[in-house]
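Following: one structure in structure tokens, then a few remarks.
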Amino acid sequence: MIRTSHYLFAALCLGSLFVYSRQFTDSYIVPKWCFVVFILLVILVYEAVNILFGRQNKQKDIGNSVYGFIIVTACFLQAIFGVVQFFGFFQASTAFRVTGSFDNPAGFAACLCAGFPFVGFLLSDNNKYIRYGGWMAGFVIAVAVILSQSRAGIMSIAFICFILLNMKFFHKRWMKYLSLVCFVLLLSGCYWMKKDSADGRLLIWRCSVNMVKDAPWLGHGIGSFEARYMDYQADYFRQHGQNRYSMLADNVKHPFNEYLGILLNFGFVGLLVMLAMITLIMYCYKKYPCLEKRIALYSLISIGLFSFFSYPFTYPFTWIVMLLCIVILTREYVAMIFARPMIKNTICVFVLFCSLGGIYKLVERVMAEKEWGKTSGLALCGASGKTLSDYKELEKKFEDNPYFLYNYAAILLENKQYEESLRIALQCRKYWADYDLELIIGENYQELDEHGLAEKYYNNASMMCPSRFMPFYKLFHLYKDVGSREHMLDTAGAIIDKPMKIKTSAIRMMKREMKREQTRLLAEENFE
């Protein structure tokens with residue numbers, strides 16, 4: 470029997486995959502999170518009220534199979550969207566060909582990989598038409614992941630398929646070894662498919678390991694990667710100079726490895742806690758094994774493998790699937806806790822009040838996000854001067870949000886309010902080490918005649934992303950302001966000789982300007 474909670478869960482899954490709004494500055498991820506948190510809080514209120522007032526459904530619970538069907542349906546619809554994009558019926562709004570309702574293939578593939586093992590609920594059904602539907606859904610989801618060219622997604626899907634085939638068909642030892650060899654070859658193929666991108670991730674992991682060495686036990690704290698990583702990348706190039714990674718280094722926001730992210734935030738203590746939780750979940754599975762728990766375990770394995778090479782926990786659907794899997798695997802122990810009326814009622818009252826308070830705070834946050842989106846849109850339309858008072862008001866609500874602070878600092882710089890822009894940018898610098906932010910800080914210092922500090926930030930930006938031209942271009946004009954002819958010649962020569970990672974008209978114009986400046990400076994030297 471389908472219950473209200475199943476409809477709410479369907480809304481939760483579909484919203485986490487498809488919600489999109491241009492009213493937010495981040496049109497893809499933030500709207501999904503806001504919607505998911507709202508529906509989740511509604512579900513908690515609904516369930517808490519039902520338990521407190523004794524309205525739980527007493528019938529045999531068929532919920533897990535229904536939840537599995539909902540997840541597969543949501544993933545199937547997302548996969549169809551991606552396949553349609555691939556064939557050009559819908560254009561992705563980014564440079565990637567297949568992104569579904571996300572801003573890049575990583576989110577698209579992460580969600581499909583998380584939900585893929587739940588196809589097992591359909592394949593194990595007694596109705597042959599449901600089984601056929603399961604095979605079709607699984608095939609479409611797998612094809613969509615391949616079309617997205619997400620290497621982490623391809624490996625996750627392939628690994629789950631190998632597990633299922635080994636259990637159902639590959640009973641001989643040589644077939645198991647052959648499947649393992651095929652997976653290793655696939656891993657190698659994924660590396661060579663986008664070698665430069667893979668090498669770029671090796672650089673990120675190498676610099677991240679240096680971060681771990683500085684705080685191995687307790688980590689650097691939540692948000693430490695965004696706050697510190699780019700400084701470590703800059704230090705790496707200061708120590709090693711120009712090398713094969715120089716053209717690959719970019720402005721990085723994720724470690725592309727969730728386990729490394731835990732190490733950076735919480736150190737080895739956090740990693741040990743995570744391993745303890747995994748051990749506990751495995752114990753729960755071994756204690757009461759069944760098909761439903763096996764499917765839940767496969768889903769966690771798929772998410773876990775994807776997490777080695779990407780950032781699936783940026784997206785709410787991954788969290789939904791993971792939490793559902795944990796509930797399925799630990800349901801007997803959860804039932805034991807809720808069997809005691811005092812504990813059950815206390816938890817429900819606590820959850821009820823927290824959820825109601827959470828809904829109130831969420832509405833406040835959504836209104837603030839929409840106001841920021843509206844203000845940012847006006848600024849992009851050329852009315853940035855009229856939005857300064859709105860930004861000032863919003864600062865109170867987003868004082869620790871680096872994206873807002875960066876946006877605000879850029880608007881102030883555009884309106885030539887250099888001191889205020891510098892104040893906001895330096896506040897942002899506490900939460901965010903970023904190439905573009907270094908340029909804003911450097912430009913503010915340059916306009917305030919703090920040339921030494923401006924040079925420091927421009928140089929740091931050039932070390933963060935050695936392939937970029939803008940830091941050198943700004944350094945040239947800084948040296949021109951102070952009349953340092955020798956530095957001007959050196960910087961102009963560096964820009965002229967610098968190879969282009971991406972050949973754009975802006976860089977070509979920059980190089981032509983530097984050639985003219987170099988010619989003028991050399992002519993002046995010869996004349997003297």
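Converting from the sequence shown to this note's numbering requires adding 469 to each position, the first position being numbered 1. In this text, a Cβ means the ideal position worked out from N, Cα and C, and glycines have one as well.
In this chain, the alpha helix (DSSP H) harbouring Glu838 covers Pro810 to Leu847.
Judged by DSSP secondary structure, Phe507 falls within the alpha helix (DSSP H) whose first and last residues are Ile498 to Leu521. Take Ser931, set aside five residues on each side of it, and the residues of its chain with a beta-carbon closer than 8 Å to its own are Arg937, Pro940, Phe941 and Leu944, in chain order. Restricting attention to alpha helix (DSSP H) runs no shorter than 4 residues, the segment 526-583 encloses them at 532-555, ordered along the chain. Here the alpha carbon of Leu634 sits roughly 12 Å from the alpha carbon of Leu649.
Take Thr856, set aside five residues on each side of it, and the residues of its chain with a beta-carbon closer than 7 Å to its own are Thr844, Leu847, Ala848 and Ile880, in chain order. DSSP places Phe585 in no alpha helix (DSSP H); its state is neither H nor E. Under the three-state reduction of DSSP, Arg491 is assigned to coil, being neither helix nor strand.
Under the Cβ criterion (8 Å, minimum of three pairs), the segment 752-765 does not count as touching the segment 687-707. Residue environment for Val803: exposed (fewer than 16 other C-beta atoms within 10 angstroms of its C-beta).
Relative to Ser570, the option among Lys899, Leu486 and Tyr860 whose CA is nearest is Leu486.
With three or more CB-CB distances shorter than 8 Å, the segment 649-660 counts as touching the segment 611-625. By the 16-neighbour rule on beta-carbons within 10 angstroms, Ala718 is buried. Taking all protein chains in view, the Cβ of Met979 is crowded by 16 or more other Cβ atoms within 10 Å, so the residue is classified as buried.
The C-beta separation of Gly688 from Leu733 comes to about 6 Å, placing the pair in contact by the 8 Å criterion. Here the alpha carbon of Pro586 sits roughly 42 Å from the alpha carbon of Pro935.
Around the CB of Tyr536, 16 or more other CB atoms lie within 10 Å, so the residue is classed as buried. Sixteen is the threshold: since fewer than 16 other Cβ atoms of the shown chains lie within 10 Å of the Cβ of Ile971, the residue is exposed.
Secondary structure of Leu917 (DSSP, three-state): coil. Secondary structure within the segment 650-717: the alpha helix (DSSP H) runs of 4 or more consecutive residues, fully enclosed, are 664-683 and 693-709 (chain order). In the structure shown, the three-state DSSP call for Thr960 is helix.
Excluding its 5 nearest sequence neighbours in each direction, Ile549 has C-beta neighbours in its own chain below 7 Å: Val609, listed in chain order.
Counting the other CB atoms within 10 Å of its CB gives Ile691 a total below 16, which places it among the exposed residues. A residue is called buried once 16 or more other Cβ atoms fall within 10 Å of its Cβ, and Val742, having fewer, is exposed. Only exposed fits Pro758, as fewer than 16 other CB atoms lie within 10 angstroms of its CB. Inclusion of Glu916 and Tyr887 in the CB contact set at 8 Å is warranted, their separation being smaller than that value.
Taking Cys580 as reference, the option from Phe555, Ala613, Ser593 and Arg600 with the minimal CA-CA separation is Ala613.
Burial state of Ala975 is exposed, judged by a 10 Å Cβ sphere holding fewer than 16 other Cβ atoms. Using a 10 angstroms sphere on the CB of Tyr829, the tally of other CB atoms stays under 16, which defines it as exposed. In the DSSP annotation of this structure, the continuous segment of the alpha helix (DSSP H) that includes Gln896 starts and ends at Tyr887 to Arg898.
Boundaries of the alpha helix (DSSP H) around Pro785: Pro785 to Phe807.
Taking a 10 Å sphere around the C-beta of Pro871, we find 16 or more other C-beta atoms and assign the residue as buried. By a beta-carbon distance limit of 8 Å, Gly773 does not contact Phe493. Their separation comes to about 30 Å.
Separation of Gly710 and Phe782 (C-alpha to C-alpha, rounded to the nearest whole angstrom) is 34 Å. Put simply, the backbone Cα of Arg834 is about 42 Å away from that of Leu592.
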